[in-house]
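Enquirer: Sharing a structure, written as structure tokens. Questions coming.
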Amino acid sequence: MNTSQLAALRWMMERELSALRSPRMSPEISLKCPDENELASRLSERAVDERLTARRVERIRDLENALRRIEVMDYGVCEACGEPIPLLRLLASPSVRYCVACQQELEEEERTVVVTGSFEAPRPRRTTPSRPVTPPMPFFLPRRRQAIH
């Protein structure tokens, strides 16, 4: 990944971070209501607000961690296998920590825990690539020169 690609990804993450950190006016939900249906509706709204806030906090944490990885020159490398994460994957989700293959393995292990209730010890890191390593695509494609008449 070249410096302009890295700068573009950093810009995307910083822009999203500033949007997530901007103050949001969340109306206080009063639980004093004469009607039980209204109270149930307000409690439901409060639960949704809490879930959205938790997701926002988690996203901020993920983006901050990705920016730290850029600073220590560890960005764009899968934390499980050490292979480069393809640029298109990083563009789709700049804070991603795993390549597609390792993410699928991780999700499969999580499904196994949920379904069976048992947890296997984590698999050792792969030392050899499971697939050929291809260089990332160029971020900015050169423009074609137009003929001057």
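Residues 1419 to 1567 (the working numbering) are what the sequence shown spells out, left to right.
Beta carbons: idealized from backbone N, C-alpha and C, even for Gly.
1) Write down every uninterrupted run of the alpha helix (DSSP H) in the segment 1491-1533 whose length is 4 residues or greater and which is fully enclosed by it, in chain order.
2) Could you check whether residue 1428 and residue 1509 sit closer than 8 angstroms to each other, using their CB atoms as the reference points?
3) Using C-beta distances below 6 angstroms, list every residue in its chain close to residue 1515, excluding the 5 sequence neighbours before and after it, in chain order.
4) Taking C-beta to C-beta, are residue 1431 and residue 1512 nearer than 8 angstroms?
5) What is the residue span of the alpha helix (DSSP H) that residue 1422 lies within?
6) How far does the alpha helix (DSSP H) with residue 1442 in it extend, from its first residue to its last?
7) By DSSP, does residue 1453 sit in helix, in strand, or in coil?
8) Can you tell me whether DSSP reads residue 1558 as helix, strand or coil?
9) By a C-beta neighbour count over all protein chains shown, 10 Å radius and 16 as the cutoff for buried, is residue 1481 buried or exposed?
Expert: This is what the structure holds:
1) Fully enclosed alpha helix (DSSP H) runs of no fewer than 4 residues occupy 1505-1510 of the segment 1491-1533, in order along the chain.
2) It is not a contact, given that the beta carbons lie outside the stated cut-off.
3) Excluding residues within five positions, the ones whose Cβ falls inside 6 angstroms are 1497.
4) Residue 1431 is a Cβ neighbour of residue 1512, given a cutoff of 8 angstroms.
5) Boundaries of the alpha helix (DSSP H) harbouring residue 1422: 1421-1439, taken from the DSSP string.
6) Element bounds for residue 1442: n/a, residue is neither H nor E.
7) Taken through DSSP and simplified to helix, strand or coil, residue 1453 comes out as coil.
8) Unreliable placement is indicated for residue 1558, whose pLDDT of 49 sits below 50; no coordinate value is reported for it.
9) By the neighbour-count rule (16 or more Cβ atoms within 10 Å), residue 1481 is buried.
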